[in-house]
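Numbering (our numbering), first residue to last: 4 to 518.
Beta carbons are placed, not taken as given, at the ideal position from N, Cα and C, and that holds for glycine.
Report on the structure given below.
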């Protein structure tokens with residue numbers, strides 16, 4: 004399903020965030036306070052475009068607006084802000100603004116800006132999309148069952164054209180199949196959305212559903228029967244086309260494609276994407292079903308939902324109780340309530356509405372938050388679970404008795420004594436054997452490094468020279484003495500180099516009298 008979504012996905016997914024923002028800007032006119040005026044201005048420009056007048060002066064737009072005003076009562080009249088509105092559309096990228104010096108008949112008019120406007124490519128598509136949404140009617144939704152025979156005929160003709168090497172015929176058949184598949188996908192999506200709207204609004208107007216129930220069920224069952232009849236044939240036809248050579252077919256289609264703003268590689272990639280979408284509709288691979296089979300399953304589910312809804316409406320009408328009658332009774336009870344408090348209590352019980360519980364608290368760093376910060380921008384405050392669930396601040400509770408942990412303390416003392424004994428034993432070995440001319444083991448290395456750290460921290464500089472430093476324990480003392488030749492200590496982890504310093508070990512008893 005993931006691969007199918009990638010191959011059949013919209014090319015809009017390939018745009019980055021900046022390009023998406025620029026294209027959303029094309030719809031800015033729909034969010035302005037006078038959006039209807041902007042819509043009629045674009046309709047006037049579309050009238051001019053229809054008669055092949057691509058560049059329109061504000062006077063031309065005003066003239067067409069006057070004509071539309073005579074034909075349609077909702078069309079606004081041209082006002083003094085027409086040029087400003089056209090400039091705003093140009094800033095949004097819906098139209099292009101050009102300077103036309105040929106309109107300047109005098110020096111005064113030449114000094115004034117003589118701008119003409121024309122639709123940009125994306126701007127016209129944005130306007131057409133808005134018009135398509137405004138012209139949409141739910142009653143136009145349908146599932147076309149007659150299209151399957153045309154698709155099968157085009158697939159057979161496509162295989163024959165590719166087999167015979169007719170490049171233009173390959174392009175023509177692929178273009179027809181692409182247009183038909185796009186239309187069928189749009190029809191099916193729109194039909195099921197409309198079916199959902201009918202199901203959702205049935206409680207308020209069951210008469211509409213009952214009026215068209217038979218036609219709706221017949222339409223859906225006929226579509227499923229036709230799809231069941233053609234689906235194996237379409238699967239076979241797609242595989243017959245693939246046996247003639249998909250790469251050759253797509254290459255011929257790209258060669259016959261006449262889009263001048265795309266090179267051969269881009270056209271080939273585009274036709275490969277379109278073929279993968281078309282193939283996913285009718286060819287089932289492995290455990291995945293085709294999109295046509297998914298459409299059949301969705302339609303069958305829709306039929307079951309319609310039948311269940313029909314049964315529900317019939318039972319409601321037979322019993323005389325449905326959501327509409329319940330709401331009417333509730334409205335009557337609220338209207339006849341003795342006072343406003345009783346009406347609010349009744350509505351609260353009916354819709355399970357309760358007063359909102361407001362929680363609050365002080366932030367830990369209240370001084371770091373500006374008093375001018377709004378509650379939306381200020382950082383949140385942590386609320387305890389008891390306060391949130393029960394509305395009560397948490398209490399510290401009864402002090403807990405101190406638990407005796409003699410066993411743990413004894414074990415810690417034992418480990419500490421063991422570590423000290425091991426350290427004393429290692430230090431004694433160092434005093435006897437020294438640190439030079441041998442490899443120190445793990446315990447001896449730890450002792451030397453610990454005492455060396457103390458010695459390095461204790462050394463001082465007097466008159467620009469380092470004095471000797473020492474660090475010791477109860478067994479021995481490590482002394483660092485400045486020496487030009489330096490020294491090195493070999494350990495199990497490597498060699499420790501001490502440049503400019505010599506490391507000496509002396510017993511702790513001798514360290515007491517050392518100056």
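Mind reading off the beta-carbon distance from residue i to residue j? Whole number of angstroms is fine, and I expect it under 8 Å.
i	j	result
residue 503	residue 489	6 Å
residue 32	residue 41	4 Å
residue 271	residue 259	Actually they do not touch by this definition, with Cβ atoms about 12 Å apart.
residue 59	residue 71	At roughly 14 Å, the Cβ-Cβ gap does not stay under 8 Å, so residue 59 and residue 71 are not in contact.
residue 455	residue 494	That belief does not hold up - the Cβ atoms of residue 455 and residue 494 are roughly 11 Å apart, past 8 Å.
residue 486	residue 472	Incorrect: roughly 13 Å between the Cβ atoms, too far for contact.
residue 480	residue 511	6 Å
residue 176	residue 188	Actually they do not touch by this definition, with Cβ atoms about 19 Å apart.
residue 389	residue 395	6 Å
residue 78	residue 43	5 Å
residue 92	residue 119	Their Cβ separation, rounded to whole angstroms, is 13 Å, which puts residue 92 and residue 119 out of contact at 8 Å.
residue 87	residue 80	The pair is not a contact, with the Cβ atoms about 16 Å apart (cut-off 8 Å).
residue 223	residue 133	Going by Cβ atoms, the distance from residue 223 to residue 133 rounds to 31 Å, so no, they are not a contact pair.
Please state the DSSP three-state secondary structure of residue i.
i	result
residue 264	coil
residue 422	helix
residue 499	strand
residue 507	strand
residue 271	helix
residue 61	helix
residue 24	helix
residue 224	helix
residue 157	helix
residue 172	helix
residue 403	coil
residue 462	coil
residue 292	coil
residue 237	helix
residue 114	Bear in mind that a pLDDT of 43 at residue 114, under 50, signals an unreliable position, so the number given afterwards is only what the model happens to contain. In the structure shown, residue 114 sits in a helix (DSSP, three-state: H, G or I).
residue 366	coil
residue 148	coil
residue 132	helix
residue 449	helix
residue 18	coil
residue 207	Residue confidence is low: residue 207 scores 44 on pLDDT, short of 50, so the model does not pin down where it sits. Its coordinate-derived value is still stated next. Coil.
residue 398	coil
residue 75	coil
Straight-line CA distance for residue i to residue j?
i	j	result
residue 217	residue 190	20 Å
residue 291	residue 284	11 Å
residue 491	residue 417	35 Å
residue 514	residue 460	With a pLDDT of 41 at residue 514, under the threshold of 50, the modelled position of this residue cannot be trusted; read the value that follows with caution. Straight-line Cα distance between these residues: approximately 18 Å.
residue 366	residue 348	37 Å
residue 140	residue 239	37 Å
residue 350	residue 373	41 Å
residue 255	residue 152	25 Å
residue 252	residue 154	17 Å
residue 64	residue 26	25 Å
residue 123	residue 15	19 Å
residue 90	residue 97	10 Å
residue 314	residue 157	42 Å
residue 412	residue 419	10 Å
residue 23	residue 38	22 Å
residue 66	residue 82	11 Å
residue 99	residue 35	20 Å
residue 181	residue 274	9 Å
residue 281	residue 332	54 Å
residue 497	residue 380	57 Å
residue 62	residue 56	13 Å
residue 449	residue 414	23 Å
residue 441	residue 424	23 Å
residue 243	residue 200	40 Å
residue 296	residue 179	22 Å
residue 426	residue 387	50 Å
residue 137	residue 129	13 Å
residue 19	residue 221	45 Å
Using the DSSP secondary-structure output, state which residues sit across from residue i in a beta bridge.
i	result
residue 190	In the DSSP output, where bridge partners are listed per residue, residue 190 has none listed.
residue 483	472 and 506
residue 120	59 and 100
residue 1	As shown, the chain starts at 4 and ends at 518. That puts residue 1 outside it, with no answer to give.
residue 493	442 and 498
For residue i and chain D, any beta-carbon pair shorter than 8 Å?
i	result
residue 71	The structure shown contains no chain D; it is built from a single protein chain.
For the ligand COA, is there any heavy atom lying closer than 7 Å to the beta carbon of residue i?
i	result
residue 63	With respect to small molecules bound, the structure shown includes none, and the ligand COA cannot be examined in it.
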